[in-house]
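Asks: Sharing a structure below in structure tokens format, with a few things to ask.
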Amino acid sequence: FTSRMCGACQMIRGKYVGMKNFLPDDVLFAVVDLELSDRAICTNALGQIAFVPAFQVYCEGDRVDYFLASHESTLKERIEKVNTELQKKKQQARSGTRQTS
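Structure (structure tokens):
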């Protein structure tokens, strides 16, 4: 989630788009500008957003991560974490096992 009035959002936006290169092709990236979107629809669909830039990650319809990041290093670290989790889930699905915590 971003806002065109947010300086940190503008700085991280280009980095965010570039992070797509670190994830599999079946991962969808989207940018929601809260100034240009219907806030009620965003809140109903994705929950309350208190700060920007904010990132939500969904896997098979379930939110698996939510974080704030205004620095490229934080964003890359979280994207790598999500990628690792997605790869584990895919491997488990192929082998027919489920992860236990």
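In full-length UniProt numbering, the protein residues as written are 1 to 101.
For glycine and all other residues, C-beta sits at the position ideal for the given N, C-alpha and C.
Being a predicted model, the structure only gives us computed values, none of them experimental.
1) Counting Cβ pairs closer than 8 Å, one from the region 72-89 and one from the region 48-61, do we hit at least three?
2) Run through DSSP, which three-state label would residue 52 get?
3) Going by DSSP, which residues form a beta bridge with residue 67?
4) Determine, using beta carbons only, whether residue 69 comes closer than 7 Å to chain B.
5) Nearest by alpha-carbon distance to residue 15: which of 75, 60, 41 and 1 is it?
6) Which same chain residues end up closer than 6 Å to residue 96 when comparing Cβ atoms and leaving out the 5 residues on each side of it in sequence?
7) Among 41, 89 and 5, which residue has its Cα nearest to the Cα of residue 64?
8) The alpha helix (DSSP H) that contains residue 6, what's its start and end?
9) Over what stretch of residues does the alpha helix (DSSP H) that includes residue 20 continue unbroken?
10) Roughly how many whole angstroms lie between the Cα atoms of residue 36 and residue 45?
11) Would you mind reading off the limits of the alpha helix (DSSP H) that contains residue 85?
Replies: Answer, in terms of the structure:
1) yes
2) coil
3) 55
4) Chain labels in this structure do not include chain B; a single protein chain is all it has.
5) 75
6) none
7) 89
8) No alpha helix (DSSP H) contains residue 6, which DSSP labels as neither H nor E.
9) Run containing residue 20: none; DSSP gives neither H nor E here.
10) 16 Å
11) 72-95
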